[in-house]
Each structure stands twice: as C-alpha cells, then as structure tokens.
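>
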Amino acid sequence: MLLRPRDEPGLWPSLFAECQRSAFHLEQRDTYAVPEEEERIRRYLSGEEAVPAPSREWPDLIADARSRGVTVSRVRVVTVPHTDYHRWLLSVTDVRVNDGEDIRYLPRHLAGEVPSDDWWLMDAERVAYNLVNGEGRPAGLAVTTDPRIAAYCEEVRQRLWKLAIPYADYVGSEFAKQ
Numbered sequence: 779m780l781l782r783p784r785d786e787p788g789l790w791p792s793l794f795a796e797c798q799r800s801a802f803h804l805e806q807r808d809t810y811a812v813p814e815e816e817e818r819i820r821r822y823l824s825g826e827e828a829v830p831a832p833s834r835e836w837p838d839l840i841a842d843a844r845s846r847g848v849t850v851s852r853v854r855v856v857t858v859p860h861t862d863y864h865r866w867l868l869s870v871t872d873v874r875v876n877d878g879e880d881i882r883y884l885p886r887h888l889a890g891e892v893p894s895d896d897w898w899l900m901d902a903e904r905v906a907y908n909l910v911n912g913e914g915r916p917a918g919l920a921v922t923t924d925p926r927i928a929a930y931c932e933e934v935r936q937r938l939w940k941l942a943i944p945y946a947d948y949v950g951s952e953f954a955k956q
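Below, the structure written as structure tokens:
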C-alpha cells in the first residue's frame, strides 16, 4: 500500500492521469471536515444561496479525464434525514453533474452492507482509500493494486450502483425532502 499525503503536489492529477477507463468514488460518511468547504457550508446553513467551489481545478481534472474516455462516477450513501453537510452538498451537486460526473445517491437504510471507508476505484484495478485525521479532515490517500481488494471494491461498486438513484431523480425524491 502506497501512502500519499494530502499536500503531495499533483496528487489528484497524477491519480487521474493513470486512469484509462473509469474512476468511481464511494462516499459513505455523513459529514466531511474539508477546510475549503467550511465557509460555504456556514453561509448555506445561515440561509444564503449555496455556492459551488470557486476553483476550476476539479472540473478541469474531470474534463481532462472525460476527454480521454474515462467515466467518472460516484455513489453517495447517505443517512435520511440528511445531515447539514449532505443538505448543502445536495444543493451544489448539479455543478459536478454538469461537469460530467455521474452521481447517484443511496439512502443508507436501503444500502445493505457498506464498507466503512470511502475510496476511489480506478479502472477496477487500483483502489485509493481516502484517509482522514483525528478531526475528520482529509489527510491523503492509501493506494493499493492488490487484485483481491480491487475485486471486492468492484463487487461493492456494482451492487451499490444498481441500488443508487441518479442525482436528477434523487433531488426531487421523498428522500431529498427529509
């Protein structure tokens, strides 16, 4: 397993540059302590309009991957009713969908068994576990090409993908209103 710290220069571009077919992200936490999001979440919770990230870094990364034929998708396993974090995230997800990501939501009570970690599965061959510190803040990635771990993650991806609801349908669903 290769540990890659959050402050590693070019961490995400290098990870995506190696990707040839697909990049899938499993998100299963009810809240994320991402410093770059804190002020936007605070403003949203005080009644201001939700604002997406001002940086073009992530959208440009997705555009590059998609231009090479890489599909980028996520399943967000969420507790219903939603936490404040997921209420905010749901309000800005359309930006990521418009950038080319296929994002689906799955209420936790419908998901069955869900792994305890968030991870990216690249080309069904490489798994990058999202690491967090004691405060829940992003700390980096632990990357493995162990074929057994990748196969397990691919099985989880396939199962959850079938159960998950596309963002456009979820945002108008009874779950999103809770």
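In the numbering used here, the protein residues as written are 779 to 956.
Ideal Cβ placement from N, Cα and C applies to all residues, glycine included.
Being a predicted model, the structure only gives us computed values, none of them experimental.
1) For Leu793, count the other beta carbons within 10 Å of its own beta carbon; 16 or more makes it buried, fewer makes it exposed. Which is it?
2) Take every Cβ of the segment 796-816, pair it with every Cβ of the segment 909-922, and state whether three or more of those distances are shorter than 8 angstroms.
3) Between which two residues does the beta strand (DSSP E) harbouring Pro783 extend?
4) Quick check: the Cα distance between Thr923 and Glu932, rounded to an integer number of angstroms?
5) Buried or exposed, going by whether 16 or more other CB atoms sit within 10 Å of the CB of Gln806?
6) Any idea which residues DSSP pairs Phe802 with across the strands?
7) In or out: Asn908 buried (at least 16 other Cβ within 10 Å) or exposed?
8) Over the uninterrupted alpha helix (DSSP H) stretch that includes Thr857, give me the two end residues.
9) For Ala828, tell me which candidate among Glu835, Arg834 and Ile819 has the shortest Cα-Cα distance.
10) Below 8 angstroms between beta carbons: does that hold for Ile840 and Tyr883?
11) Within the continuous alpha helix (DSSP H) that includes Arg935, where are the two ends?
12) What residue from Tyr945, Glu826 and Glu891 has the CA that sits closest to Asn876's CA?
13) Relative to the alpha-carbon of Asp862, which residue among Arg874, Glu879 and Tyr822 has its alpha-carbon at the smallest distance?
Let me lay it out:
1) Taking the first residue of the sequence shown as 1, we reach residue 793 at position 15. Leu793 is buried by the Cβ-count criterion.
2) yes
3) Along the sequence shown, one-based indexing puts residue 783 at 5. Per DSSP, Pro783 belongs to the beta strand (DSSP E) from Leu780 to Pro783.
4) Sequence index remark: in the sequence shown, residue 923 carries index 145 (1-based). Sequence index remark: in the sequence shown, residue 932 carries index 154 (1-based). Each residue's Cα considered, the two are about 12 angstroms apart.
5) As a first step, residue 806 must be located in the sequence shown, where it is residue number 28. Buried, because 16 or more other Cβ atoms sit within 10 Å of the Cβ of Gln806.
6) On the sequence shown, residue 802 is found 24 positions in, with the first residue counted as 1. Ser851 and Leu899, per the DSSP bridge assignment.
7) Here residue 908 is taken as the residue at index 130 of the sequence shown, counted from 1. Buried is the call here.
8) Numbered from its first residue, the sequence shown carries residue 857 at position 79. That residue, Thr857, is in no alpha helix (DSSP H); it is neither H nor E in DSSP.
9) In the sequence shown, the residue the question calls residue 828 occupies position 50. If we check each option's Cα against that of Ala828, Ile819 comes out closest.
10) Translated into the one-based positions of the sequence shown, residue 840 becomes position 62. Translated into the one-based positions of the sequence shown, residue 883 becomes position 105. No, the pair does not count as a contact, with Cβ atoms beyond the cut-off.
11) Numbered from 1 along the sequence shown, position 157 holds the residue referred to as residue 935. Pro925 to Leu941 is the span of the alpha helix (DSSP H), which, as asked, contains Arg935.
12) Within the sequence shown, the letter at position 98 stands for residue 876. The shortest Cα separation from Asn876 among Tyr945, Glu826 and Glu891 belongs to Tyr945.
13) As a working note, residue 862 is residue 84 in the sequence shown. Selected option, being the one with the closest Cα: Tyr822.
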